[in-house]
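Below you'll find the structure, written out as structure tokens, and then a few comments.
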Amino acid sequence: MDDLLIRNGMIVDGSGAPWYRADVAIKDGRIRAIGKLQGVAAKSVIDADGLVVSPGFIDTHSHDDLHILENKTMDVKVRQGVTTTIIGNCGFSLYPVLPDNEKLFHEYASGIFGQPEKGSMAYLSVRDFFTDVERNGVAINVGSLVAHGVLRISVMGFEDRQATPEELNRMKELLRESMRNGSLGMSMGLIYAPGSYANTQELIELSKVVAEEGGLITSHMRNEARFLLESIQEMLTIAGEAKVPLEISHLKVCGIPNFGKGKQALQMISNAKRNGIDVTFDQYPYPAGSTTMTTLMPPWALEGGIEQLLLRVKDEATRSRIRNDILEGIPDTPWEPMWKLIGWENIMICAVRTDENKKYEGKDMQFYADALGMTPVDALLHLLEAEDGQVIMVMFQQDPEEMEAIMVHDLQMFGSDGLPLKGKRAHPRLYGTYPRVLGTYVREKGVLTLEQAVYKMTYLPANRFGLLDRGLLRPGMAADITIFDPVTVEDRASYTGPAVPPVGIHSVIVNGTIVLKNHELTGQYPGKPLKRVSAGQL
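Note that the numbering used here has the sequence shown beginning at 2, numbered continuously upward.
And the structure:
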């Protein structure tokens with residue numbers, strides 16, 4: 002007897018092939034059979050008549066690192082149909098943190114992950130992190146990248162300089178250990194200090210270790226605006242020199258003066274692929290992005306960490322230099338003031354810590370400055386001071402048509418890039434990314450076919466991250482499955498009211514166990530840490 006039988010579903014199998022109608026039998030966490038399974042008995046049956054049955058969605062780009070330890074239901078992902086989340090992105094992860102620099106790590110990581118409910122969120126190794134994931138239980142699977150930013154903090158702190166040979170060797174040791182203990186690859190956050198302090202050669206040398214261990218590299222590039230093309234070229238150079246697969250994180254074109262560069266960016270990436278560079282990219286389906294407000298500060302002001310930044314802001318002479326750089330930019334560097342590209346009115350305060358400033362969540366920086374009677378730059382510095390540097394912002398920065406042109410490219414896949422900060426307002430992509438793809442870009446706009454969209458959310462990322470037993474509906478594959486209504490599925494989250502779940506996701510199955518049934522969470526926690534799978538292991 003099978004454990005579960007899904008009857009009469011429209012099978013969109015993840016390969017990109019046209020849908021067909023069939024039943025799916027599941028036993029011992031794996032797909033046992035697909036077809037017209039008459040006379041098959043099962044302990045549980047789901048009637049999927051009129052519903053799509055697809056592989057579970059894989060969030061290729063998340064920041065669930067702390068969230069997955071503190072919210073094992075992972076409801077914001079389960080309700081979107083996500084069965085696997087990839088963490089450790091943009092140079093941020095919870096490991097490997099060496100004790101000497103744990104305080105600096107917390108300053109760095111809390112801006113993205115928030116504060117832990119108790120104790121420290123630092124882990125010495127990915128093995129220790131995965132042990133806690135398994136001990137706590139979790140509803141979905143988790144794969145992890147090791148973060149270049151954390152490697153640098155552990156070995157070098159927040160120093161703005163090149164690594165010495167000894168420091169580079171120590172980072173390589175920590176990286177290799179992380180890869181051998183289960184990391185899928187290495188992520189870079191080259192817009193964030195201290196990742197921004199690393200030169201290209203350092204990144205090449207570390208990427209060679211990733212290549213030797215069979216992983217991939219991902220990168221939030223140095224610049225996604227004026228120097229977008231140069232930043233792409235740097236990443237292609239790193240991938241080519243290190244002979245390592247490259248995933249460009251959340252590819253986009255930021256700022257009105259740069260609209261139109263997407264076509265050149267896609268051509269560069271396509272040419273590189275044809276010429277032997279193993280490159281792909283991910284994207285979130287929203288024209289606005291979200292990150293920590295400290296990225297609006299000149300990189301030099303962040304040397305030494307957030308505590309040092311706040312001291313610099315309090316010093317009048319240094320504050321004047323910071324103000325000038327934000328207003329004028331820094332010549333001959335890839336850093337540029339975002340407000341010049343999109344305007345203060347397109348920078349929204351998303352999440353703050355203090356009750357005093359809660360009323361400004363959802364308001365733009367120009368509104369905030371006017372309310373305080375300050376210039377926008379002084380208002381920015383005031384807000385960062387008041388919030389100890391812990392402010393999340395939303396930036397309306399992309400051309401929707403250019404975003405759609407990027408979306409249809411063969412090398413594109415989807416990721417949410419959501420920031421699940423406890424008790425704080427978030428970008429709607431945290432709650433609605435995958436239903437938005439299916440509702441807005443498949444059903445309403447027809448930018449993608451149903452089969453194309455599912456392929457970009459399942460098989461393509463599974464193959465890319467080495468999760469070769471997932472992402473397809475085939476006998477023998479892991480039974481990670483999402484069942485949804487193609488007529489009603491859509492996101493409901495908005496920028497001013499983000500914490501609204503989507504509709505249309507009917508049931509979700511992880512490793513053969515139902516975690517969402519008829520739109521309701523079941524309280525089951527069958528998720529597990531995932532490591533790369535070679536073809537010989539299948």
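The C-beta atom is built at its ideal place from N, Cα and C for all residues, glycine as well. Note that the structure is predicted; figures quoted are calculated from it, not measured.
Residue i (DSSP reduced to helix, strand or coil)
| i | result |
| --- | --- |
| residue 56 | strand |
| residue 440 | helix |
| residue 509 | strand |
| residue 35 | strand |
| residue 263 | helix |
| residue 187 | strand |
| residue 415 | strand |
| residue 348 | strand |
| residue 433 | helix |
| residue 445 | helix |
| residue 145 | strand |
| residue 199 | coil |
| residue 318 | helix |
| residue 370 | helix |
| residue 235 | helix |
| residue 491 | strand |
| residue 192 | coil |
| residue 324 | helix |
| residue 94 | coil |
| residue 380 | helix |
| residue 121 | coil |
Residue i - partner residues in DSSP beta bridges
| i | result |
| --- | --- |
| residue 21 | 12 |
| residue 247 | 218, 280 |
| residue 6 | 26, 46 |
| residue 484 | 54, 508 |
| residue 522 | 517 |
| residue 527 | 139 |
| residue 337 | None; residue 337 has no bridge partner. |
| residue 329 | Paired residue(s): none; residue 329 is not in a bridge. |
| residue 479 | 31 |
| residue 304 | DSSP, once it has assigned bridges, lists no residue as partnering residue 304. |
Residue j beta carbon less than 8 Å from that of residue i
| i | j | result |
| --- | --- | --- |
| residue 415 | residue 434 | yes |
| residue 364 | residue 350 | yes |
| residue 186 | residue 218 | yes |
| residue 451 | residue 390 | no |
| residue 222 | residue 191 | yes |
| residue 288 | residue 399 | yes |
| residue 89 | residue 147 | yes |
| residue 46 | residue 528 | no |
| residue 172 | residue 153 | yes |
| residue 438 | residue 300 | no |
| residue 281 | residue 248 | yes |
| residue 254 | residue 244 | no |
| residue 53 | residue 515 | no |
| residue 348 | residue 339 | yes |
| residue 323 | residue 298 | yes |
| residue 259 | residue 229 | yes |
| residue 188 | residue 251 | no |
| residue 329 | residue 355 | no |
| residue 130 | residue 109 | no |
| residue 239 | residue 201 | yes |
| residue 23 | residue 6 | no |
| residue 320 | residue 56 | no |
| residue 604 | residue 60 | Residue 604 is absent from the model: the chain starts at 2 and stops at 539. |
Boundaries of the beta strand (DSSP E) in which residue i is found, first to last residue
| i | result |
| --- | --- |
| residue 518 | 514-518 |
| residue 399 | Residue 399 -> no beta strand (DSSP E), and no H or E assigned at all. |
| residue 85 | 83-88 |
| residue 289 | 289-293 |
Rounded Cβ spacing between residue i and residue j (contact assumed at less than 8 Å)
| i | j | result |
| --- | --- | --- |
| residue 337 | residue 226 | 6 Å |
| residue 151 | residue 75 | In fact, because the Cβ distance is near 23 Å, the residues do not count as touching under 8 Å. |
| residue 9 | residue 49 | 6 Å |
| residue 303 | residue 406 | Incorrect: roughly 34 Å between the Cβ atoms, too far for contact. |
| residue 412 | residue 274 | 7 Å |
| residue 504 | residue 489 | 6 Å |
| residue 480 | residue 12 | Not confirmed; about 14 Å, so no contact. |
Segment limits, alpha helix (DSSP H) that includes residue i
| i | result |
| --- | --- |
| residue 362 | Taken as a continuous stretch (DSSP letters only), residue 362 belongs to no alpha helix (DSSP H), as it is neither H nor E. |
| residue 156 | 149-157 |
| residue 391 | Segment: none, residue 391 is in no alpha helix (DSSP H) and carries neither H nor E. |
| residue 63 | First-last for residue 63: undefined, no H or E at that position. |
| residue 463 | 460-465 |
| residue 78 | 76-79 |
| residue 170 | 166-181 |
| residue 108 | 103-114 |
| residue 70 | 68-71 |
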